[in-house]
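Before any comments, here is the structure.
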Amino acid sequence: MRVCFQIASFFLAVNFSLQPLRAQDPSCCQHAAESSPCKEACDQLATIKSESHLNHLLQRLPSYCPELMNELWTCINSSLPGVSRKSEGWVGLGCCELSISPECRRECRQASSKNDITKVCKKVTENSLYSCITKNEMGSTCCSYAGRHTTCREYCQAIFRTDSTPTVSQISAVKEYCQSHSPQLLSCVTNFTKSYPVRSPIDSLHCCDRAEATHCQVACRRILRTMSTEHEIMEGLINECGSQPLPQDPMWQCFLGSAHPASPPEVETPHPAKMDCAKLHCCAKANTSMCRDTCQEISTNWGSQTGQDFDQFCEYNPVETELINCLADVREPCQLGCKDLTYCTNFNNRPTELFRSCNVQSDQGAMSDMRLWSNGTIKMPVMNIPVLDIRKCLPDMWKAVACSLQIKPCHSKSRGSVICKSDCLDILTQCGDRKRFHEGQTPERICELLSPIDDPDRCIPLHKYLTPSSLGNSVVDEVTHPCNPNPCPSNHLCQVNRRGCLDDLHCQPFLCVPGCKLGEASEFLVQQDARIEVPTRTGLTGCHEVCTCGPSGRLENCAEMPCVDTDEPCIVGGERKNHGASFKIDCHTCSCFAGETTCSTRKCLDLDSSEEDRRRFTGLPCNCPDRFVPVCASNGRTYPSACVARCMAFKDYQFVFGRCRLGNPCAGSPCQRNQRCIPKYRVCLSDLSDCPQYECAGRPGGCDRSGVEPACDTDGLVHASRCQLLQAGKTLAYMGPCQEACRKPQQVCGHNGETYNSVCDAMADRVALDYEGPCHAVGAVSDAAPDSACSGIPCPPLSAPGCQPVTPPGACCPICASMLQILWSKEQMNTFSKLNKNQPVTVHDVLQILRLHVSVPQCDVFGYLSIDHELVVLIAPVEQQPTPLQIEACSKEAEKIDALINYASPTLVSHVPLSAFLTSEIQTSYVRSSGGAPPSPLHPGLCLLLGLVIAAAPVLHQV
């Protein structure tokens, strides 16, 4: 078992290196009183020949000989041959044997303080060592309060001697023998035992790394994750690793040293160690090691005492903005809309603004803050700010401050909730009580710490919330927020209902779906069956595993991913780019990922190009001709020509001439006899496995009647699900309720260059309409290219007068929508495919997950893989004639998702495969004037599939 406790008092200034030790000079003992316990123990030192016995007695000697006996201890320290003096505070010597690497063990033995080992002994890999040292430090502090009371000291030391949970008897003994002598000691020990975690098998995963055989390491990790009792674990390890639990075996030494107590405590179970994987995602964003360590502590130990340290040293540290913003996203994700507040009424009726915490609790919190501040002091984690009577000095400004800090508006360029510096200076200059300012306090210095930003796109301008919203109550139905506030139980997620309902009478605009917390201590939920990427419990930066949200409400079936070297920079043009950085090279968007630079493949036109070069420039990959002679590639994507396909690295045998959706993937009867082949066209982002354009479905038996996802057959009849459609022997036309406008097939061209039988068919594929009729032209993917290829295309009118549209790459016609162009990692996509039994990752998969992040029913997500292999995502209004407010809401939703991608927020990138996103560029639509189209009423139940309100085909291109 682990025995890491060292001498617990000022004697820590001198620790003992026992390589080798001989008995000390017996004359030292004359400094102890005759017939005293100290004299008897000291005399034994002169006769002991066993190093282990001598070591044991040296550790116990402070219990017999108090620290006040300076002469005795000076003599002992100087007379023991082989003793090396250690600097004050080093208590790790007895823990050094817990190091995993020999280099760390050697450095630890020779070190004179904890700081000396940090270069060789990394905290992420040497958890046991640092845990032991931390425990020793705590024990040193606690037990020093015992003074001369040796029995109290001894029982105190027993609490800290091993890494096991303190037993009931140990805790009771400390209470019995120390309560009357040292309340400080008792309080110190109580704080420790209350926060000490109950160990679970996965807390010992680090021990698996000590196994010599690779197959044993793998088996060890599997056993710890799937088995719960000690007997099962021991039996499994013995069978899989083929070795008995011998103390000299490094793996078994680690397990035996971290073993659980033989019997559980008889007192109330302390708070268990709880991991918050969502917050743990953020810790890698810390710029200082101290904030990274404390972030990991508060993310993995629910009972941690480091929360105050984190607030004080990290929460307002300007170099930790990225970390703080990430944690803010996890705690309270940004959502559109704010209403129904009774105190912060100026925040109401703002349906297109993003807020983190628009709810009754925050509204009341702002009122309480104002009441507290009226006492004359604003208490912050990092300082107290004396102020004048805020009821008389700028009361409206102070109310705006209180409400802003509680309601927390979000901004597109910064996820934090920080008051703008100019407002901070203004309010403290006028209302700060300078007579009570601490030494060195000035409005400038306070605001430099609390509000260092003055960019209205990155901070909260108070003037915005000094008056009510200009919208009033008249537009309340134009943009709705069915999930804000959350109407679902705590273990369910709220999602916008885009499926429709079987019963319009009870139709709700939202769905409550079962979910899993992203870790035991997390409040962040992911939906059932979702695949989620979380940091491994080893805490190694860049190491993740992919888990599934199971029906139990917990993450399960985890599989480790290859670790990513986040310390490896990219060298671009002689400049160093860190992992995760995004930058431009010419017209290319680039990102650094684990030392490798990934760039877009768009064709650039140099500024100094000749007139002839400009004339020949088509804007297509490899400057291919802009003729439309489509080929279908092995990834399921239709490319406008063989030239473009070859430019995108497809070999001639990997594509065939013709559009992908023209072929019949079931022609060769690829399914077994008892299965039915159903065409399922898709575009794959992974290429490690095949990209089949069909699926094999079992013969329909009993269908799940609870799941509602309407499907329309080729006869124009709607079915409650595709299963029931197949059970009726019908052929699928498209998913979704049947639309009158799509009853007669009318071919349309989607933005992906694919021809669909109807606009509803395109919508079911999450593709928006480019123009009517079959595809016969390709648009440029570069802004500098001419539009000659699309000059003969009749584009439909825009859905909203005055709209500033975007033109998606490769498309011909503009659309009133906001657009994201996303760079992604094929290597990561392939990893996700491999971990999912080689199932391909598709564009449709990505778009369906992104839809969950759009919170207003008036907007929906469409997209495609561009011909230069960027992922193009459109956030578009679904109304036939969207209002300026609805267009603005879609733009805000796009800005939100764009920011979540570029800040690598775990609220988005923890979802597989979205975690393969590298960077995003955004273009938003807006209406020039407030005049715009008149509001169009919504369906009262908001129960139309895809949010569509369709009346006629010619306007469907705007959906």
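So the sequence shown is residues -23 to -1, 1 to 936, counted in mature numbering (1 follows the signal peptide of the UniProt record, and there is no 0). All residues carry an ideal CB built from backbone N, CA and C; glycine is no exception.
- Could you give the DSSP three-state label for P295: helix, strand or coil? helix
- Message: Nearer than 7 Å: is that true of the beta carbon of S765 relative to any heavy atom of the ligand ZN?
- Response: Because no ligand of any kind appears in the structure shown, any question about the ligand ZN cannot be addressed here.
- Task: Inspect the CB distances between the stretch 289 to 301 and the stretch 483 to 490 and report whether three or more fall short of 8 Å.
- Result: Cβ pair count under 8 Å is below three, so no.
- Item | Coil, strand or helix - G787 by DSSP | In the structure shown, G787 sits in coil (DSSP, three-state: anything other than H, G, I, E or B).
- Reduced DSSP category for K356 - H, G, I as helix; E, B as strand; rest coil: It is a strand residue.
- Query: Do I367 and C408 have their C-beta atoms closer together than 8 Å?
  - Reply: In this structure, I367 lies near C408, with their beta-carbon atoms less than 8 Å apart.
- Task: For the beta strand (DSSP E) containing residue 938, list its first residue and its last residue.
- Result: The chain is shown only over -23 to 936; residue 938 falls outside these bounds and no answer can be derived.
- Message: Taking 7 Å as the limit between beta carbons, can you name the residues of its chain near K316, skipping five residues before and five after?
- Response: So the list reads N325, N326, once near-sequence residues are dropped.
- Message: Would the stretch 109 to 127 count as touching the stretch 155 to 169 if we require 3 or more Cβ pairs under 8 Å?
- Response: The answer is yes - the stretch 155 to 169 touches the stretch 109 to 127, with three or more Cβ pairs under 8 Å.
- Distance, C185 Cα to A236 Cα: Residue confidence for A236 is low, a pLDDT of 44 falling below 50, so the modelled location carries little weight; the figure read from the coordinates is stated next. Going from the Cα of A236 to the Cα of C185 covers about 14 Å.
- Item | Separation of A190 from G219, as counted between CA atoms | 10 Å
- Span separating the alpha-carbon of L597 from that of L665: 26 Å
- Hey, quick one: how far does the alpha helix (DSSP H) through H388 stretch, first residue to last? No alpha helix (DSSP H) holds H388; DSSP gives it neither H nor E.
- Task: Please go through the same chain and pick out, in chain order, the residues whose beta-carbon is closer than 8 Å to the beta-carbon of A558, but skip the five residues on each side of it.
- Result: C547, S568, C569
- Task: Would you list the one or two residues that DSSP bridges to R623?
- Result: DSSP lists no partner for R623.
- Item | Best match in L313, Y442, S902 for proximity to S334 [C-alpha to C-alpha] | L313
- Residue range of the unbroken beta strand (DSSP E) whose run includes H821: Counting along the chain, H821 falls outside any beta strand (DSSP E), though it belongs to the alpha helix (DSSP H) covering 820 to 828.
- Message: Just verifying my parser: in three-state terms, what is the DSSP assignment at V889?
- Response: coil
- Query: Whose CA, out of L891, N534, R198, E856, lies closest to the CA of D822?
  - Reply: The residue with the shortest Cα to Cα distance from D822 is L891.
- Task: Assign D432 to one of two classes, buried (16 or more other C-beta atoms within 10 Å of its C-beta) or exposed (fewer than that).
- Result: With fewer than 16 other Cβ atoms within 10 Å, it is exposed.
- Message: Please list the terminal residues of the continuous beta strand (DSSP E) segment that includes E749.
- Response: 746 to 749
- Query: Looking only at DSSP bridge pairs, what is S568 linked to?
  - Reply: S559, T575
- Item | Whole beta strand (DSSP E) elements within the stretch 644 to 702, 3-residue minimum | 652 to 656, 671 to 675, 688 to 690
- Message: Within a Cβ cutoff of 7 Å, which residues of the same chain sit near S843, ignoring the five residues on either side of it in sequence?
- Response: V758, P786, G787, V849
- Item | Span of the alpha helix (DSSP H) around E425 | 420 to 427
- Nearest-angstrom Cα distance between E749 and P656? 24 Å
- Query: Which residues bound the beta strand (DSSP E) around R508?
  - Reply: 508 to 512
- Message: Among G353, Q631, L797, whose alpha-carbon lies nearest the alpha-carbon of P363?
- Response: G353
- Could you pull out every residue in the same chain whose Cβ sits closer than 7 Å to the Cβ of E533, ignoring the five residues on either side in sequence? C524, T525, G527
- Query: For F894, which three-state DSSP category applies?
  - Reply: strand
- Message: Using only the alpha-carbon positions, how far apart do C493 and Q816 sit?
- Response: If you draw a straight line from the Cα of C493 to the Cα of Q816, it is about 23 Å long.
- F414: which of C311, P607, C436, L365 sits nearest, CA to CA? L365
- Residue from G645, Y616, A644 whose Cα sits closest to the Cα of G635: Y616
- Message: Looking at the strands, I want to know which residues DSSP matches up with C836.
- Response: P854
- Nearest neighbour of L662, chosen from H521, A88, D845 [CA to CA]: D845
- Can you have a look at A644 and say buried or exposed, based on whether 16 or more other CB atoms are within 10 angstroms of its CB? exposed
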